[in-house]
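Visitor: Let me give you the structure first, and then I'll get to my questions.
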Amino acid sequence: FFIIIAVQYTGIPTELTITREALPVTSLSRVTRSALDAESITRGQGAAVGSVVCVETHNSEQTTPWVIGEVVSAAHTAPADSVPYDSANDAVHYEPVRVGESVLSVMLYEPLAPGSTTYSLSDVELLVPARRVRVVGVQLLALRSNHFKRFAIEAVSLQAIRAEMPTSDDTWTVEAVVQYRTYYRQERWLVKWVGYGEDRNTWEPIENLTAEWVQGEAERVKKDFLAEKAAKECAAARGGPRRAAAQ
Numbered sequence: 114f115f116i117i118i119a120v121q122y123t124g125i126p127t128e129l130t131i132t133r134e135a136l137p138v139t140s141l142s143r144v145t146r147s148a149l150d151a152e153s154i155t156r157g158q159g160a161a162v163g164s165v166v167c168v169e170t171h172n173s174e175q176t177t178p179w180v181i182g183e184v185v186s187a188a189h190t191a192p193a194d195s196v197p198y199d200s201a202n203d204a205v206h207y208e209p210v211r212v213g214e215s216v217l218s219v220m221l222y223e224p225l226a227p228g229s230t231t232y233s234l235s236d237v238e239l240l241v242p243a244r245r246v247r248v249v250g251v252q253l254l255a256l257r258s259n260h261f262k263r264f265a266i267e268a269v270s271l272q273a274i275r276a277e278m279p280t281s282d283d284t285w286t287v288e289a290v291v292q293y294r295t296y297y298r299q300e301r302w303l304v305k306w307v308g309y310g311e312d313r314n315t316w317e318p319i320e321n322l323t324a325e326w327v328q329g330e331a332e333r334v335k336k337d338f339l340a341e342k343a344a345k346e347c348a349a350a351r352g353g354p355r356r357a358a359a360q
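Here it is, written out as structure tokens:
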């Protein structure tokens with residue numbers, strides 16, 4: 114992706130103002146693709162047969178950014194490339210499989226309707242790249258039904274999925290900066306979004322927090338976190354010698 118930078122000259126160079134005109138909002142703006150894929154490969158290779166995983170679809174897929182499936186074959190090496198995507202016949206654009214990469218087979222769960230949170234286990238088996246496995250151990254809740262087995266994603270698992278896979282067509286406006294942490298040695302802030310519940314909170318880098326008040330909140334949350342961490346370390350250091358002396 115590209116970031117468009119608008120430069121407005123207002124005087125001498127020390128008064129140069131730079132503003133962001135376009136900003137990626139997809140989940141991939143939070144971490145680099147290579148780091149995300151590396152972590153996903155580890156997850157996918159550890160997924161047990163019979164467990165349920167969440168798999169990200171192709172980057173260009175807008176309607177269905179992720180699917181869930183039951184693992185029917187553990188991680189193994191792909192014997193060949195997958196058949197190319199056919200927009201005329203394929204309902205969902207899945208990430209293609211490359212020969213020699215780590216893959217696993219899943220039996221897809223299908224929603225009763227687009228956007229539905231109720232699923233049924235289909236008879237569609239799909240070979241998916243391990244690098245696209247975003248959440249493992251997805252927990253499903255069995256629903257009462259007279260004729261068919263129906264399932265809903267447990268709240269904790271749904272939160273994990275939404276944290277990893279916010280939809281690209283959502284509108285995001287910051288409501289609050291909640292927490293601070295480092296992720297792959299990079300700083301991240303947990304953001305609460307206007308109009309969405311806590312389950313849609315996402316970890317964002319500082320470059321995604323463009324509003325001045327949001328950056329101020331991010332700095333405050335970071336300082337509070339570091340101060341609390343330092344206080345705990347100091348307390349632990351003071352407590353260590355006393356415990357040793359008591360012994």
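Here my numbering is used: the first residue of the sequence shown is 114, the next is one more, and so on. Cβ coordinates follow ideal geometry from the N, Cα and C atoms, glycine included.
1) Which residue's Cα is closest to the Cα of H260: R244, S233, V251, Q292?
2) Does DSSP put D203 in a helix, in a strand, or in coil?
3) Can you give the Cα-Cα distance for A276 and V307, rounded to whole angstroms?
4) To the nearest angstrom, report how far apart S186 and S218 are at their CA atoms.
5) Could you tell me which residues DSSP pairs with T231 in its beta bridges?
6) Terminal residues of the continuous beta strand (DSSP E) containing S218?
7) Which class does T139 belong to by DSSP, given the choice of helix, strand or coil?
8) Taking just the CA atoms, how far does T176 sit from L225?
9) Should E173 be labelled buried (16 or more other beta-carbon atoms within 10 Å of its own) or exposed?
10) Quick one, are the C-beta atoms of V241 and V210 less than 9 Å apart?
11) Is A204 buried or exposed, if buried means 16 or more other CB atoms sit within 10 Å of its CB?
12) Are T315 and L303 close, meaning C-beta to C-beta below 9 Å?
Guide: The relevant details are as follows:
1) Residue mapping note: residue 260 aligns to position 147 of the sequence shown, counting from 1. Looking at the Cα atoms, S233 is the closest of the given residues.
2) Reading the sequence shown from its first residue, position 90 is the one you call residue 203. Note: D203 maps to coil in three-state DSSP.
3) Residue mapping note: residue 276 aligns to position 163 of the sequence shown, counting from 1. Residue mapping note: residue 307 aligns to position 194 of the sequence shown, counting from 1. Their Cα atoms are separated by approximately 15 Å.
4) The residue given as residue 186 occupies position 73 in the sequence shown. The residue given as residue 218 occupies position 105 in the sequence shown. Cα to Cα, S186 sits roughly 5 Å from S218.
5) For the purposes of this step, residue 231 is taken as residue 118 along the sequence shown, with counting starting at 1. A265, per the DSSP bridge assignment.
6) Walking along the sequence shown from the start, residue 218 turns up at place 105. From DSSP, the beta strand (DSSP E) with S218 extends over 215-224.
7) Numbered from its first residue, the sequence shown carries residue 139 at position 26. Only weak support is given to the placement of T139: the predicted model assigns it a pLDDT of 45, under 50, and the value that follows is read from those uncertain coordinates. Note: T139 maps to coil in three-state DSSP.
8) Position 112 of the sequence shown holds residue 225. Position 63 of the sequence shown holds residue 176. About 15 Å.
9) Counting from 1 along the sequence shown, the entry for residue 173 is found at position 60. In the sequence as displayed, the identity of residue 173 is Ser instead of Glu. Per the 10 Å Cβ criterion, exposed.
10) Against the sequence shown, residue 241 aligns to sequence position 128. Against the sequence shown, residue 210 aligns to sequence position 97. Cβ atoms of V241 and V210: closer than 9 Å.
11) In the sequence shown, counting from the first residue as 1, residue 204 sits at position 91. With fewer than 16 other Cβ atoms within 10 Å, it is exposed.
12) Start at 1 with the first residue of the sequence shown, and residue 315 comes out as number 202. Start at 1 with the first residue of the sequence shown, and residue 303 comes out as number 190. It is a contact, given that the beta carbons lie within the stated cut-off.
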